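K.L.:
Read top to bottom, the protein sequences are chains D and A. For the first sequence, position 42 matches number 42 in our numbering, and the numbering has no gaps at all. Position in the second sequence (from 1) plus 1000 gives the number in our numbering. Supplied in structure tokens, the structure appears directly below.
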Amino acid sequence: MASPAEPYTMQRYAAHFVGRVFDQLIEAVADLTGEELHALPAGAPNTIGFTAWHVFRSADNVVLFAFERERTVWMREGLHEAWGLPKVAQGTGMEPAEAAALRLPGAAALADYGRAVRDELVPRIEAMSDDYLRGISRVVPWGDVPRLEAIGQTVIVHGSQHLGEIAVVRRMLGRDAPLF
Amino acid sequence: MKTEATLSTSGMLARATGRALGETLAAIDGLSAEQLHAVVHPRANTLGWIAWHVFRTADLIGGRLSGEPELWARRGYAAAWGLPSESWADGNGSGQPTEVAQALRVPSAEALAEYGRELRAELTAAVGALDEAELARPIRGFGDRELPAGDAVHAFFVLHTIRHQGELNVTRTLLDLPAPGY
């Protein structure tokens, strides 16, 4: 959080809110049992596990691969092999049955992946120059967009919308919902 | 966000505020009273309460940003809508027991949208006019917490609204109403 004495830069703004969205998503999955992580109450859009995985993977793909063509945390840590999940796909457009069937090793492992992505992204964003943030990267499915817009949409807004979904599913499971 | 000019912090926050609150308005557009107040799950909030809470939260922070009375108070909505108790007149619904929140009745989707539309117009104009010093100026959030005005705008006009948009989307789906995909 920027203090009043510090300039209110886009880097500080973006890094702060990326970190905050990740913190809340991590907290929203970390206390779940494996059964809760994969539960799909009647009417729920997706399991909490799928939703959080999808958000973490999307952010990992955009900031590392789409921006820099670097290997994602997901691939670097070999999680696609360890968890038996797609190497590249991150859940967008996945058939509901396939999304519902996705199995993760547990809430602790998923939260650890979220922390690893957060710890990779936040310092990178803090160090991005204005010119870099104005620069264009190709991000599927939006096409060529300024990097700041990609961070805002893919990480902050996308993560926040899915956090709202997770809040509803947590309530349906009898759990407290995260405070917004 | 295609030009250097559009990277101004206040301009970006104003656009984000307008877009986020616009999504809330779209989520309640044309709803019947039954849909607005439907309880889809014993622990779920109604579409009407969620939208009201989103607008009230932004309005409360908007008042702290401008130093002016909130739109809710200026228009006398609490009395007009038969919500005179303190928690409805002054609060934003945070921390209300589920059964209290589920009992909220607003006159209609259009009445709620009228409040939201005017609020959205006021807030986007106010945010767009903030300069860098004003964005860094501390204002009171909730509780005793102070935070820079820019962070308050993003946290309570944008992110808070978007998070509840996820809740609105799920609730609309449970009511067999279309919800946007993302």
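Think of the CB as a built atom: it goes at the ideal place given N, C-alpha and C, for glycine as much as any other residue. Predicted, not measured: the structure shown is a model, and the values here were computed from it.
Restricting to Cα atoms, I'd like to know which of A:Gly1048, A:Ser1008, A:Ala1136 and A:Leu1013 is closest to His1164 of chain A.
P.N.:
A:Gly1048
K.L.:
With H, G and I counted as helix, E and B as strand and the rest as coil, what does DSSP make of Leu163 of chain D?
P.N.:
helix
K.L.:
Whole alpha helix (DSSP H) runs in the stretch 26-79 of chain D with 4 or more residues, listed along the chain?
P.N.:
List check, alpha helix (DSSP H) in window: 34-37, 48-60 and 73-76.
K.L.:
Roughly how many angstroms separate the alpha carbons of Ala1129 of chain A and Ser1008 of chain A, rounded to a whole number?
P.N.:
11 Å
K.L.:
Is Pro146 of chain D buried or exposed, if buried means 16 or more other CB atoms sit within 10 Å of its CB?
P.N.:
buried
K.L.:
Flag Arg69 of chain D as yes if its beta-carbon sits less than 8 Å from any beta-carbon of chain A, otherwise no.
P.N.:
no
K.L.:
The alpha helix (DSSP H) that contains Pro123 of chain D, what's its start and end?
P.N.:
Ala107 to Ala127
K.L.:
Let me confirm a value: Ala1033 of chain A is counted as buried when at least 16 other C-beta atoms fall within 10 Å, else exposed. Which label applies?
P.N.:
exposed
K.L.:
Apply the 10 Å Cβ neighbour rule to Ser137 of chain D and answer buried if 16 or more other Cβ atoms are within range, or exposed otherwise.
P.N.:
buried
K.L.:
Cutting at 6 Å between CB atoms, please list the residues of its own chain near Gly91 of chain D, excluding the five before and the five after it.
P.N.:
His54
K.L.:
Since Gly164 of chain D meets chain A, which of its residues come closer than 8 Å, beta carbon to beta carbon?
P.N.:
Chain order gives the chain A residues near Gly164 of chain D as Ile1162, Arg1163, His1164, Gln1165, Gly1166, Glu1167, Leu1168, Asn1169 and Val1170, where near means a beta carbon separation below 8 Å.
K.L.:
Please work out which residues of its chain come closer than 7 Å, Cβ to Cβ, to Ser1066 of chain A, disregarding the five sequence neighbours upstream and downstream, and give them in chain order.
P.N.:
Ala1126
K.L.:
What in chain A is Cβ-close to Gln161 of chain D, meaning under 8 Å?
P.N.:
Ile1162, Arg1163, Gln1165, Gly1166, Asn1169 and Tyr1182
K.L.:
Are the stretch 1044-1063 of chain A and the stretch 1099-1114 of chain A touching, with three or more C-beta to C-beta distances below 8 Å?
P.N.:
Segments in contact, yes.
K.L.:
Checking 8 Å against the spacing of the C-beta atoms, do Ala1058 of chain A and Thr1161 of chain A come in under that value?
P.N.:
yes
K.L.:
Taking 8 Å as the CB-CB limit, is His38 of chain D close to chain A?
P.N.:
no
K.L.:
Please classify Gly1185 of chain A: is it buried, with 16 or more other beta-carbons within 10 angstroms of its beta-carbon, or exposed?
P.N.:
The structure shown does not extend to residue 1185 of chain A, since chain A is modelled only from 1001 to 1182, so the question has no answer here.
K.L.:
Is it buried or exposed for Leu64 of chain D, if we count other Cβ within 10 angstroms and need 16 for buried?
P.N.:
buried
K.L.:
Listed in chain order, which residues of the stretch 1022-1052 of chain A have Cβ atoms closer than 8 Å to some Cβ of chain D?
P.N.:
Val1040, His1041, Arg1043 and Ala1044
K.L.:
Using beta carbons (cut-off 8 Å, strictly below), is Pro1148 of chain A in contact with chain D?
P.N.:
Contact with chain D is found for Pro1148 of chain A, since one of that chain's Cβ atoms lies less than 8 Å from the residue's Cβ.
K.L.:
Report the neighbours of Phe22 of chain D on chain A: residues whose CB is nearer than 9 Å to its CB, in chain order.
P.N.:
Result: empty, since nearest Cβ-Cβ is about 13 Å, beyond 9 Å.
K.L.:
Quick check: the Cα distance between Thr1024 of chain A and Phe1156 of chain A, rounded to an integer number of angstroms?
P.N.:
13 Å
K.L.:
Using only alpha-carbon positions, find the residue among D:Gly152, D:Arg115 and D:Pro45 that is nearest to Pro96 of chain D.
P.N.:
D:Pro45
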